[in-house]
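Per UniProt numbering, residue 1 is the first one in the sequence shown, and the count goes up by one each step.
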Amino acid sequence: MTTVADVLATATGRTRTVLEYSQVTKRLVDSAKQPGFTAESWAPLGDLIAIDEFVRIGPFKEVMNWAEYTEFLTNWAKSSDWNCSFQRITETTDLVFLELEEHSRIGDFSNVVNTLSVYEFDADHKVRRIAVYLQMEMPGTGAVPSFDG
């Protein structure tokens, strides 16, 4: 299985920035369980972000600016274990598409989802917008539904 770290080793440009974003997120989620972790602890991730114009659109169409997003991340990271498996990454002129299989656990609840995150960049190669799309199993079924005709 290819990991984010494997791909990062040879990545360049915006693709590299997106993979670094994933690596920094993993490191900070792991460290969020330590005393003193706050929204300001996301500063290393902020180095990759166009903070003044940043927008994150989540899987439920929720829209957050950088301050709202770091507060959301802080609350989530303090109570969650998170990891991801790399699926694929595609770069176009202005966008990078990252597909991951994400594994998350909060207390006794765990889930695995497929995500596609679309990263948009500003002229300085900073992330200014992330849109997250999500696939998950139907609740209570343990399976992805089939829509065969």
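Note that beta-carbon positions come from the ideal geometry of N, C-alpha and C, so glycine has one too. Keep in mind it's a predicted model, so treat the numbers as computed, not measured.
Subject >> E40 - DSSP class collapsed to helix/strand/coil >> reply: Translated into positions along the sequence shown, residue 40 becomes position 40. For E40, the three-state secondary structure derived from DSSP is helix.
Original post:
DSSP state of G149, grouped into three classes?
Top reply: Taking the first residue of the sequence shown as 1, we reach residue 149 at position 149. For G149, the predicted structure reports a pLDDT of 48, less than 50, and the residue's modelled location is therefore unreliable. A value from the coordinates is still provided. Here G149 sits in coil by DSSP.
Subject >> Pairwise C-alpha distance: Y119 and N75 >> reply: Taking the first residue of the sequence shown as 1, we reach residue 75 at position 75. Taking the first residue of the sequence shown as 1, we reach residue 119 at position 119. For N75 and Y119, the distance between alpha carbons rounds to 23 Å.
Original post:
Rounded to a whole number of angstroms, what is the C-alpha to C-alpha distance between T17 and Q135?
Top reply: Counting from one through the sequence shown, the residue named residue 17 turns up at place 17. Counting from one through the sequence shown, the residue named residue 135 turns up at place 135. Between the C-alpha atoms of T17 and Q135 there is a straight-line separation of about 24 Å.
Original post:
Applying the criterion that 16 or more other CB atoms from any shown protein chain within 10 Å of the CB defines a buried residue, is G149 buried or exposed?
Top reply: Position 149 of the sequence shown, counted from the start, is the residue given in the question as residue 149. Residue placement at G149 is flagged as unreliable, the pLDDT there being 48, under the threshold of 50; the coordinate-derived value follows with that caveat. Exposed.
Subject >> E101: first and last residue of the uninterrupted beta strand (DSSP E) it sits in >> reply: In the sequence shown, counting from the first residue as 1, residue 101 sits at position 101. Residues 95 to 106.
Original post:
Just checking my contact of V29 with W82 at CB under 8 Å: how many whole Å lie between their CB atoms?
Top reply: Taking the sequence shown and counting its residues from 1, the one referred to as residue 29 is at position 29. Taking the sequence shown and counting its residues from 1, the one referred to as residue 82 is at position 82. Contact holds; Cβ gap of about 5 Å.
**OP:** Evaluate contact between the region 41 to 50 and the region 124 to 131, counting only Cβ atoms and requiring at least three cross-stretch pairs below 8 Å.
**Re:** Note that the region 41 to 50 touches the region 124 to 131; at least 3 beta-carbon pairs, one per stretch, sit closer than 8 Å.
**OP:** Run through the region 23 to 86 for me and flag every whole alpha helix (DSSP H) of 4 or more residues, listed as ranges in chain order.
**Re:** Counting only unbroken stretches of 4 or more residues, the alpha helix (DSSP H) elements lying wholly within the region 23 to 86 are 43 to 46, 66 to 79, in sequence order.
Original post:
In angstroms, rounded to a whole number, what distance separates the CA positions of L45 and Y21?
Top reply: Position 45 of the sequence shown holds residue 45. Position 21 of the sequence shown holds residue 21. Distance between the alpha carbons of L45 and Y21: 6 Å.
**OP:** Would you please state the rounded distance, in angstroms, between the beta carbons of N114 and E101? I believe it to be under 8 Å.
**Re:** Taking the first residue of the sequence shown as 1, we reach residue 114 at position 114. Taking the first residue of the sequence shown as 1, we reach residue 101 at position 101. Distance from N114 to E101 at the Cβ level is roughly 6 Å; contact confirmed, criterion being Cβ atoms closer than 8 Å.
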